[in-house]
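>
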Ligand SMILES: [Fe+2]
Ligand SMILES: [Fe+2]
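Numbering (the numbering used here), first residue to last: 329 to 628.
1. Using only the heavy atoms of ligand 1, determine whether one of them is closer than 7 Å to the beta carbon of residue 454.
2. Measuring CA to CA, which of 441, 487, 448 is closest to residue 562?
3. I'd like to know if the stretch 455-462 and the stretch 504-524 are in contact, where contact means that at least 3 CB-CB pairs between them fall below 8 Å.
4. Can residue 608 and residue 415 be called in contact, C-beta distance under 8 Å?
5. Looking at the structure shown, is residue 349 part of a helix, part of a strand, or coil, going by DSSP?
6. Just list the residues that DSSP pairs residue 517 with in beta bridges.
7. Quick one: is residue 622 buried, meaning 16 or more other Cβ sit within 10 Å of its Cβ, or exposed?
8. Return yes when at least one heavy atom of ligand 2 lies under 7 Å from the C-beta of residue 551, else no.
9. Quick one: does the C-beta of residue 421 sit closer than 7 Å to a heavy atom of ligand 1?
10. Helix, strand or coil for residue 355 per DSSP?
11. Can you tell me whether residue 576 is helix, strand or coil according to DSSP?
12. Would you kindly report the start and end of the unbroken beta strand (DSSP E) that includes residue 335?
13. Are the CB atoms of residue 346 and residue 334 nearer to each other than 8 Å?
14. Near residue 460, what residues of its chain come up, given a Cβ to Cβ distance below 7 Å and the 5 sequence neighbours on each side ignored?
15. Where DSSP assigns a beta bridge to residue 344, which residues make up the other side?
16. Which residues in the same chain as residue 436 place their Cβ atom closer than 8 Å to its Cβ, once the five residues preceding and following it in sequence are excluded?
Right, here's the structure in full:
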């Protein structure tokens, strides 16, 4: 009988993620190990398998998000927060096809046509997603083009920069980890999350196109599945880099969430109105204490 795969990746100086094909995942701390007794000290070299690869990738996201309070991680949406999230969604998707194609052409130069083909396919699939966010903003009566031209939510900026930087690296394999992180988190969104947002929107406004397509109902689920299979097929050193970047992207994303979560509705509304130079037809939800502060629920 073939042995089940075990994969491991060191993601910080102290922590390695270990995943078995059976679905078990755990975090191994170097400081808990007696010298010379760490079986995960040397990087893995064997072939991957989808069952263990998903454990590593999702373990990396969980570890990256471990610092964010559960209570705040899934805040109830408000309309103002949703508008901010749509602006974020626009910015995290507008350059995606171009960036992925740039990384693909680098892999062609490097003689890795299979990676290039995967990235080109992803670029095709992601094309037009920025327009979904613009349509949603328009459906909410917001001057969409002016808003996105003048405003990037502070918490989203480092995320966009990270992806830009990853895609122009000499060996841009990390862009797969970044994309996995964003898509996996989007795919966690349930029908009830969409219904909550829909309930906030003015009657008849179809303003959840982006959210629907970046949720468990949309293409994100297949994108995630395809990425897991693809990553599992890569050589060990590539899988290590992808998992390490998934962890780093999750940290950047968690930090960005935290930043946006600290803002009140009134602060977010002020930012939006300043960006477009006029009042929006919405009022901020009252938020007298930090506990009641509502935040942009990221939809990217
Ligand atoms: Fe997308
Ligand atoms: Fe996607």
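For each residue, glycine too, the CB sits at the ideal point set by N, CA and C. Just so we're clear, the structure is a prediction, and the values are computed from it rather than from any experiment.
In terms of the structure at hand:
1. yes
2. 441
3. Too few Cβ pairs lie closer than 8 Å, so no.
4. Their beta carbons are not under 8 Å apart, which means residue 608 does not touch residue 415 by this criterion.
5. coil
6. DSSP lists no partner for residue 517.
7. Any reading at residue 622 must be qualified, since the residue scores a pLDDT of 40, below 50, and its modelled position is unreliable; the value itself is stated next. The residue in question, residue 622, is buried, as its Cβ has 16 or more Cβ neighbours within 10 Å.
8. yes
9. yes
10. DSSP places residue 355 in strand when its eight states are reduced to three.
11. Of the three classes helix, strand and coil, the one that applies to residue 576 here is helix, per DSSP.
12. 334-338
13. yes
14. 537, 538, 541
15. 338, 356
16. 444
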